[in-house]
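Undergrad: Numbering (the working numbering), first residue to last: 478 to 923.
Backbone N, C-alpha and C fix where the C-beta goes; we use that ideal spot for every residue, glycine too.
Because the structure is a prediction, the values reported are computed rather than measured.
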Ligand SMILES: Cc1cc2nc3c(=O)[nH]c(=O)nc-3n(C[C@H](O)[C@H](O)[C@H](O)COP(=O)(O)OP(=O)(O)OC[C@H]3O[C@@H](n4cnc5c(N)ncnc54)[C@H](O)[C@@H]3O)c2cc1C
C-alpha cells in the first residue's frame with residue numbers, strides 16, 4: 478500500500494491543470510484535481526474563448542457595411558446582445574462538459590471545492606485532507622484593480638462576460654491586450670467607447686510600429702483613445718457614472734471596465750505558512766523544472782506569472798508530466814512564442830521587436846510594408862495592413878515578424894514555424910507566394 482492517497486494532486490482545472498492531470502493519469506499515475514469554480518478555467522469561461530466569440534460578433538458591423546461595396550443590398554440589421562450571450566453560454570457549457578469528461582475518462586478523481594495546502598504533501602479540500610506524493614499548483618490569475626475612489630462601480634473582464642445589457646457608452650481603463658480587445662469588441666457592437674491609458678502608447682512591449690499603427694486604426698474605427706490619462710475617482714449619478722481624471726477632465730459613461738492587469742491566485746492556498754517563495758505580486762517562484770522551493774510542490778501557468786497564455790500553460794503541463802513520469806528533461810523554449818491580439822484589424826507577432834533586435838545586434842535590416850488589403854478596395858472600409866520583418870544582416874536570420882491586418886493570427890502561426898526552424902530571409906525569398914493574399918507580402922519583401 479502506498480503511503481499516499483494520490484501520486485499527484487492538481488489544484489485548479491484550467492488550461493494547465495487539466496492538461497497535466499489527464500496526461501499524467503493517461504500514463505497510469507493516480508491523480509486528483511480540485512476546482513473551485515469552473516472546469517476549463519479562465520480561458521474557457523472568462524478568457525480566450527468567450528472573448529473570441531465576442532470578437533466574431535463585433536466584426537459583423539464592418540461586414541454588413543463592406544457587403545454593400547460588393548453589391549449586396551443590405552442595411553445594418555439590429556444587434557441583440559441577449560442572443561449573443563445565450564449562444565455564448567451554451568457553447569461555454571458545452572466546453573465545460575468536455576473538460577470534465579476528459580478528466581473522468583482518464584480516471585482522474587475530481588473534487589469540486591477550494592483546495593489548500595496543509596503541508597508539503599497534504600491538500601485539504603471540502604474539509605478532508607489527502608496525502609499526496611506531489612502537488613501541482615495551477616490556480617491561474619485574477620483581475621487586479623487599483624485602489625481608487627469609486628472602485629465598487631467598476632467591472633472587470635470577469636463580469637463583462639455576464640453583462641445582462643449592453644451599455645450605450647463605456648469607459649475602458651488599461652492599455653494591455655485585454656483592454657484594447659474589449660475596446661474593439663464594444664465599439665464594433667455599437668457602444669460609444671473611450672479607452673483611457675495612463676502610459677504614452679497602448680500595448681506596451683509590442684513593436685513600436687505595431688503600437689502606433691493599431692492606435693491609428695482603432696481611432697479610425699471610432700474608438701476614442703486617451704493616452705497619458707489617469708482616472709482619479711468614479712461616482713454614481715442616477716443612471717450613469719461620472720469619472721474624473723487627474724488632469725481635471727470629466728466623463729459621463731454607462732459602464733466602466735478596468736483591464737489593468739492580473740494577479741496570481743495564491744492568496745488562500747496556505748503558501749505563506751509553508752514558506753513557499755513568491756515574488757512581490759504573489760507569483761510562485763519555480764526552477765526550470767516548475768518545482769517550488771518545496772521539493773514535492775510544483776507550479777505552472779499564470780500562477781507563476783511568466784508568459785500568461787493558454788498554449789504556454791498547456792505546454793508547461795506536458796513538459797512537467799513527461800519529466801516527472803517519463804523521465805524526460807524539460808526543454809520548454811520561451812523564445813519566439815507567437816501571440817495575437819484580436820483587435821480590428823488583428824495583430825500578431827513572433828520573435829523580437831525592432832527595439833529588442835537593435836539592443837542585441839548592430840546589423841539589423843528592417844523590411845516594412847503597408848497597404849490597403851484587396852478586400853477594402855471595394856468594401857469602402859478605410860482599413861490598412863502593416864507587415865514588418867526584422868533580419869540580422871550578418872547571418873540573414875529572420876529575428877521577428879509583426880503584422881496588423883485581417884487574420885494576422887492565422888498567418889503568423891504558420892510563419893512562427895519558419896522562425897522556430899531558424900529560417901533566413903533567403904528562405905522566405907525562395908518561397909513562392911500564394912496569390913492574391915496579404916500573407917504573400919512576407920515572401921516578397923525586398
Ligand atoms: C479576458 C482574457 C482573454 C484572454 N485571451 C487569451 C487569448 O486570446 N489567448 C491566450 O493564449 N490566452 C488568453 N488569455 C490568458 C489565458 O486565459 C491564461 O493564460 C490561461 O487560462 C492560464 O491557464 P492556467 O491553467 O494557468 O490558469 P486558469 O485557466 O486561470 O485556471 C486556474 C483554475 O484554478 C481554479 N482555482 C484557483 N484557486 C483554486 C483553489 N484554491 N482551489 C481550487 N481551484 C482553484 C480557478 O477557478 C481556475 O479554474 C486570456 C485571459 C483573459 C483574462
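Measure the C-alpha to C-alpha separation of residue 919 and residue 703 and round it to an integer number of angstroms.
TA: Approximately 33 Å, taken between the alpha carbons.
Undergrad: When every heavy atom of ligand 1 is checked, does at least one fall within less than 7 Å of the C-beta of residue 752?
TA: no
Undergrad: How is the beta strand (DSSP E) around residue 880 delimited, first residue to last?
TA: 875 to 881
Undergrad: CB of residue 823 to nearest heavy atom of ligand 1: below 7 Å?
TA: no
Undergrad: Under a three-way DSSP split, which group does residue 618 fall into?
TA: strand
Undergrad: Using the beta-carbon count (16 or more within 10 Å), is residue 872 buried or exposed?
TA: exposed
Undergrad: Please give the ranges of any alpha helix (DSSP H) in the region 696 to 776, keeping only runs that are unbroken, at least 4 residues long and fully inside the region.
TA: 748 to 751
Undergrad: Excluding five sequence neighbours on each side, which residues of the same chain lie with their C-beta closer than 7 Å to the C-beta of residue 795?
TA: 496, 500
Undergrad: Near residue 536, what residues of its chain come up, given a Cβ to Cβ distance below 8 Å and the 5 sequence neighbours on each side ignored?
TA: These residues qualify, in order along the chain: 665, 821.
Undergrad: Please report how far the alpha carbon of residue 640 lies from the alpha carbon of residue 746, in whole angstroms.
TA: 30 Å
Undergrad: Pull up the distance between the alpha-carbon of residue 806 and that of residue 799, whole angstroms please.
TA: 8 Å
Undergrad: Measure the C-alpha to C-alpha separation of residue 551 and residue 881 and round it to an integer number of angstroms.
TA: 28 Å
Undergrad: I want to check one thing, is the minimum distance from the CB of residue 740 to the heavy atoms of ligand 1 below 7 Å?
TA: No.
Undergrad: Taking the beta carbon of residue 578 as the centre, do at least 16 other beta carbons fall within 10 Å, making it buried, or is it exposed?
TA: Burial is judged here by how many other beta carbons sit within 10 angstroms of a residue's own beta carbon; residue 578 has fewer than 16 and is exposed.
Undergrad: Taking the Cβ atom as the reference point for each residue, do residue 865 and residue 684 lie within a distance shorter than 8 Å?
TA: yes
Undergrad: Using a Cβ-Cβ cut-off of 6 Å (strictly less than) and excluding sequence neighbours within five positions of residue 518, which residues of its own chain qualify?
TA: 491, 492, 617
Undergrad: In angstroms, rounded to a whole number, what distance separates the CA positions of residue 923 and residue 917?
TA: 12 Å
Undergrad: What residues in its chain sit with their C-beta under 7 Å from that of residue 812, if we drop five residues either side in the sequence?
TA: none
Undergrad: Might you give, ordered along the chain, the residues of its own chain that have their beta carbon closer than 7 Å to the beta carbon of residue 529, omitting 5 neighbours on each side?
TA: 819
Undergrad: Let me check you understand the geometry: is the CB of residue 788 closer than 7 Å to at least one non-hydrogen atom of ligand 1?
TA: Yes, ligand 1 has a heavy atom inside 7 Å of this Cβ.
Undergrad: In the DSSP assignment, what residue or residues form a beta bridge with residue 901?
TA: 874
Undergrad: At what residues does the alpha helix (DSSP H) containing residue 789 begin and finish?
TA: 787 to 803
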